[in-house]
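Sequence positions in the first sequence follow this note's numbering and run 40 to 762.
For reference, the structure is listed below as structure tokens.
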Amino acid sequence: MSRIDADKDQAQPSMNIPSSIEQQGADSETHRKVLLALGTNAEGQSLPFPELKRHSSEKPERSLPEVEVKRKFNKTSEGVNLQNIWSMDQEQQCSLLDDIRRAQAIVLTMLFQNGSSQLCPAKDENTLMSGLLVLIKKKSNVVPCKAELEHDNNYIHMTVTDNRLWKIDETQHKLLRSVLIHILQSRATVICFNAKDFLRIIYRKCMTSRDVAHSVIFDPRIAAWLLNPADSNSSFEDLVRKHCATLSTGATGDAPDTHLQITCKKLSVLYNLMLTLEHKLQAEGLWDLFYNIELPLITILAAMENCSIEINQEELKRTSVLLGIQLKELEKEAQHAAGQKFRLTSNNELRTILFEKFHLHLKCKNKIPQTSLGHVLSTAEPALNQLKDLHPLPGIVLQFRQIQKIKSTFVDGLFTYVNKGCVSPTWNQTGTVSGRLSAKHPNIQGVSKFSVQFEKQQHLQGKTSETITINPRSMFVSSKDHSFLAADFSQIELRLLAHFSADPALLKLFHETARTDVFTNLAAQWKDIAYENITQADREQAKRVVYSVIYGIGKERLAECLGTTPAEANTFMERFLQKYRVSDFTQKVIQECDSKGFVISLMGRKRPLPHITSRHYGLRAQAERQAVNFVIQGSAADLCKLAMIKISASVTSSFHSTARLIAQIHDELLFEVQDSQLQEFAEVVKHIMESLQHADDVHLKVPLKVILTSGKSWGCMTELQVK
DNA sequence: AGCTTAAGAATATGG
DNA sequence: TCCATATTCTTA
């Protein structure tokens, strides 16, 4: 693992690219800066002639079988060498592997069956890979000259459609594997747009996790996202426009180029884009975060996407039917309570019944909140909670909505993503402004944690009703002879707040009460209930209240949360903020944001907040809350990512551990572990995660606490005791 | 008329 | 006038 290194005197790891830039049309000032920025490589050696120390661990394959002797050269007007790998003779293949080893940079993209590449805006999500196009940038011993370089660089084209390559004859498979391993283990800078997608495919087809464990692929999309986390989904061409305005993406229109030739040009542009982005990352102090955190994560996420999570389909089907019946029951009850037929799913119809038919808002002593823009009364959860003592209908609606959400999203919705009895979520590394990961198809991070309970009516004789409990997480089960192991950071954001604010009372909370749960404690204190008698729901409420107050909730909304009057909520808030004095910290963050226009997290992640200087109170206040929230949430995201990297590194370097990382739920890492390795692995994980407080540049003033649980189903985990 | 689409509301998660 | 995600559903 590379360490995060803030020591500016020491050379930082860089793209390891010497000064062979042909920034067509880029201004000379930028050009000069890029040259300067590229003066050293990862080891701080002077470029452009670093030693070739590390070759691939695998010997170049000397005994490559003869394929076709015919050579196919394809010269474009710019003198681009485009060669088909399957047309190479044995000698040429060896020479190619040699070129890869010696290359200064390798830029590549997948090609798809519909003729597009990773550099085209994605139209069709499900199109299959048909080949690879690789640009090999050679080192040059002379001062780079544009013409020479263009001539030296060669483009390799590999057609690898499913019937041609992956399964086909062994010799071709061997050659391809060899080429890929040489690329991934080359000292050259490897650049790929959407690298995770590329890694996931080749990983599945012809690589092992150890083959790619130490490879680093530079991905411009991630670089651009770090520079501005608000642009999460820019296409390649968007990025080129944004970051190197003077570069065109080829296809000047003079000569009607083929798809392949256009893509060749795009690869060259991609290279230049990455150089520009590297420069910008360095200038903004984001390079370490990029190189040490985000890049290693790409491989980890690709591996996560390649492993699947088993779903208990029989159970899923049963619950779907059960919930369907219950929804019908509730609908009947609701219509009875309303005294008319209406669609329970239509909030407009509900609104007219609640407020125009029953006038419940007039009978309620608190004010009913309104929808954000529509200036109509809200039918959302907080509003219905206030109304449920006045009429049976709101309570029925609330239960209906809860069950409906579970059924449509986590039961029926989950079905649509089940493939061969399993699901494997897609992980988005650049989808959030806070630095967190997000997941979709299915969104495993959003699967309900708590069970839903309801009474099932027994229509057969008697009024005996049966209590049903359904836990959506119990649909996710571990494979045979394996268990899930979950490792949770406990109260990570609150601990980070204690660290940043250095407030004695907050620090004391974590140093003293290491054995008891903070939120349970607070809930017991506030509600005057014994610690042992606090329910999960009480604890959840306490948690929400704490974070809401810290991040600046208003007294009206807090009153809704607590079920009190705004005045009471206000005194509660003041008492809390007096006990835990965090306002020095929050004011400092806001002031810093105000002067710089952005805030940064523990590991240098950045979030611009232009509204921080707005004259509109609303916008400015929002930016202020976002600033405070980002410092904490972003730092927590940093730590969680660091944990993923450290643990994954430990697994790949271990000879016997077969543990697989399956999911990340923000502060929780979910593994699938062989039963025989459970205890041992648990100890390793706990140790690594807790030691993060002293890792690299991180020196937290609070201890990190990790809670480990294990079980055969995600819905039923029991705490694991390790030393 | 029936069709698609984009935005908003509601609710699940995480802190 | 807590923050930030995804998904489903309704509505225009």
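Even glycine gets a Cβ: it sits at the ideal position worked out from N, Cα and C.
Note that this is a predicted model, so its numbers are computed, not measured.
- It is roughly 21 Å from the alpha-carbon of Cys403 to the alpha-carbon of Asn609.
- Residue environment analysis places Val667 among the buried positions, since at least 16 neighbouring C-beta atoms fall within 10 angstroms of its C-beta.
- Under the three-state reduction of DSSP output, Ile332 falls in the helix class.
- Cβ contact annotation for Glu372 (same chain, cutoff 7 Å, sequence separation greater than five): Ile435, in chain order.
- Judged by pairs of C-beta atoms under 8 Å, the region 341 to 351 touches the region 695 to 713, as three or more such pairs exist.
- In this structure, Leu223 lies near Val251, with their beta-carbon atoms less than 8 Å apart.
- In this structure, DSSP gives Ala702 an extended state, which the three-state scheme calls strand.
- The DSSP-derived three-state label of Lys547 is helix.
- Here Ser477 is bridged, per DSSP, to Asn467.
- With at least 16 other beta carbons inside 10 angstroms of its own, Tyr194 counts as buried.
- Taking 4 residues as the minimum length, the alpha helix (DSSP H) runs contained wholly in the region 593 to 619 are 594 to 601 and 605 to 618, in order along the chain.
- Under the DSSP definition of a beta bridge, Gly170 partners with Leu150 and Thr198.
- Within its own chain, the residues whose Cβ lies closer than 8 Å to the Cβ of Tyr570, once the five positions on either side in sequence are excluded, are Thr555, Thr559, Asn560 and Ala563, listed in chain order.
- Each of Leu658, Ala541, Ser687 and Ala675 was checked against the Cα of Thr625, and the nearest Cα belongs to Ala541.
- The residues Leu536, Ser540, Asp542, Leu545 and Ile589, in chain order, have a CB closer than 8 Å to that of Val621 in the same chain once the five nearest residues on each side in sequence are set aside.
- Secondary structure at Gln425: helix, using DSSP grouped into helix, strand and coil.
- Boundaries of the beta strand (DSSP E) harbouring His521: His521 to Phe528, taken from the DSSP string.
- Shown here, Val741 sits in coil according to DSSP, grouped into three states, outside any helix or strand.
- Residue pairing of Asn458 in beta bridges, as defined by DSSP: Cys461.
- As the crow flies, the alpha-carbon of Arg583 is around 15 Å from that of Leu616.
- Pairing Arg646 with Gln132, the inter-Cα distance amounts to about 47 Å.
- DSSP, reduced to helix, strand and coil, places Cys403 outside both helices and strands of the structure shown, so it counts as coil.
- The three-state reading of DSSP puts Glu579 in helix, counting H, G and I together.
- In the pairwise beta carbon analysis, the region 426 to 440 is classified as not touching the region 225 to 238: fewer than three pairs are separated by under 8 Å.
- The secondary-structure analysis by DSSP pairs Val516 across a beta bridge with Glu349 and Ser752.
- Between Trp326 and Phe257, the alpha-carbon positions lie close to 12 Å from each other.
- In this structure, DSSP gives Val628 a helical state, which the three-state scheme calls helix.
- Counting C-beta pairs with one atom in each stretch, the region 723 to 741 and the region 673 to 691 have three or more that are closer than 8 Å, which means they touch.
- Selection Thr210, Leu171, Ser463 and Ala142 evaluated against Asp128 yields Thr210 as nearest (Cα-Cα).
- Checking the DSSP bridge columns, you'll see Leu709 partnered with Ala525 and Ala702.
- Taking 8 Å as the cut-off, the beta carbon of Ile445 is found no closer than this to the beta carbon of Ser385.
- Rounded to whole angstroms, the separation of the alpha carbons of Pro481 and Leu266 is 28 Å.
- Burial state of Lys519 is exposed, judged by a 10 Å Cβ sphere holding fewer than 16 other Cβ atoms.
- As the crow flies, the alpha-carbon of Val724 is around 10 Å from that of Leu708.
- Counting other Cβ atoms within 10 Å of its Cβ, Ser217 reaches 16 or more and is therefore classed as buried.
- The alpha-carbon of Met642 is positioned some 7 Å away from that of Ser674.
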